[in-house]
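Under full-length UniProt numbering, the first residue of the sequence shown is numbered 1, with each subsequent residue one higher.
We put the beta carbon where it would ideally sit given N, CA and C, even for glycine.
This structure is a prediction, so every number in the text was calculated from the model and none was measured.
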Amino acid sequence: MTQAPDPVEGTPLIAPSSTDHPLHEQLVEACRSVFDPEIPVNIYDLGLIYTIEVNDENDVRVIMSLTAPGCPVAGEMPGWVEEAISGVSGVRSVAAELVWNPPWGMEMMSDEARLELGFM
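Here's what the structure looks like:
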């Protein structure tokens, strides 16, 4: 197995999302409908969705992580995200990619998630 090259200095660790795409907010809401069964907060506010890219043909690519590599739903969670996003009107295709770099950390949670989990 070959190791991916180190990112060029100054390159963001998390690729930017297509926030200017007309479907972006609906895609975020679809991600908010998916929950980690062990945590009562949706995966978007937990900070597990790193990137939502949408091209001109409305093909969606989601780059996501999990709270830990040993998460019991690691094999299922990307499928749940794909299913939720495929229900958004106008989406042609969706692919969710699970990554471990950068590793998820509690600082990635939204203020709402921190409040819900008692960290604020």
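C-alpha distance - residue i paired with residue j, whole-angstrom precision
| i | j | result |
| --- | --- | --- |
| Pro-103 | Leu-23 | 27 Å |
| Trp-80 | Met-64 | 12 Å |
| Val-88 | Tyr-50 | 19 Å |
| Asn-55 | Glu-116 | 34 Å |
| Asn-101 | Gly-90 | 30 Å |
| Ser-86 | Arg-92 | 8 Å |
| Gly-75 | Asp-59 | 22 Å |
| Ile-43 | Ser-110 | 10 Å |
For residue i, the first and last residue of its enclosing alpha helix (DSSP H)
| i | result |
| --- | --- |
| Ala-113 | 111-116 |
DSSP beta-bridge partners of residue i
| i | result |
| --- | --- |
| Leu-23 | Bridge partners of Leu-23: none, in fact. |
| Leu-13 | According to DSSP, which records beta bridges pairwise, Leu-13 is partnered with nothing at all. |
Could you pull out every unbroken alpha helix (DSSP H) segment of at least 4 residues lying fully inside the UniProt domain "MIP18 family-like" (25-96), listed in chain order? 77-86
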